[in-house]
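Just so it is clear: in the sequence shown, position 28 is 28 by our numbering, and no numbers are missing.
Positions of the beta carbon are idealized from the N, C-alpha and C atoms, including for glycine.
The structure under discussion appears below in the form of structure tokens.
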Amino acid sequence: MDFSFAPDTHFTVSIGMTVFGHREQFSTVLKRADVALYRAKRLGRNRHEIDLPDQNLAAKRGAR
Numbered sequence: 001m002d003f004s005f006a007p008d009t010h011f012t013v014s015i016g017m018t019v020f021g022h023r024e025q026f027s028t029v030l031k032r033a034d035v036a037l038y039r040a041k042r043l044g045r046n047r048h049e050i051d052l053p054d055q056n057l058a059a060k061r062g063a064r
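Now the structure itself:
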């Protein structure tokens, strides 16, 4: 495979990260990573965002 790019080509990366909580289902962790990714994209290019289990609890409590 050839991964050569034109010299004036620029790339940006948006990354969403999370951590596994104790006894948490993989689907839940994947959803949090997805939330973090789209938050990074919404806030601008070339960013990373971390979504932790504690953040979701705080957001849910604040929404009540």
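Close Cβ partners of residue i (< 7 Å) along its chain, the five nearest in sequence each way excluded
| i | result |
| --- | --- |
| R64 | Here R64 scores only 46 on pLDDT, less than 50, and its place in the model should not be relied on; the value that follows carries that caveat. Counting only Cβ-Cβ distances below 7 Å, and skipping sequence neighbours, we find nothing. |
| H22 | none |
Buried or exposed by the 16-neighbour rule on C-beta atoms within 10 Å, applied to residue i
| i | result |
| --- | --- |
| E36 | Inspection of the sequence shows that residue 36 is occupied by Ala rather than by Glu. Flag for A36 reads buried. |
| T9 | exposed |
| A40 | buried |
C-beta atoms of residue i and residue j nearer than 7 Å
| i | j | result |
| --- | --- | --- |
| G16 | A33 | yes |
| T18 | D54 | no |
Cβ-heavy atom distance, residue i to the ligand SAM, below 6 Å
| i | result |
| --- | --- |
| I15 | For the ligand SAM, the structure offers nothing, since it holds no ligand at all. |
8 Å Cβ shell around residue i - same chain, five flanking residues per side excluded
| i | result |
| --- | --- |
| N46 | T12, V13 and S14 |
| E24 | P53 |
According to DSSP, residues forming a beta bridge with residue i
| i | result |
| --- | --- |
| G16 | E49 |
query: Quick one: complete alpha helix (DSSP H) runs, 4+ long, within the region 25-54?
result: 26-43
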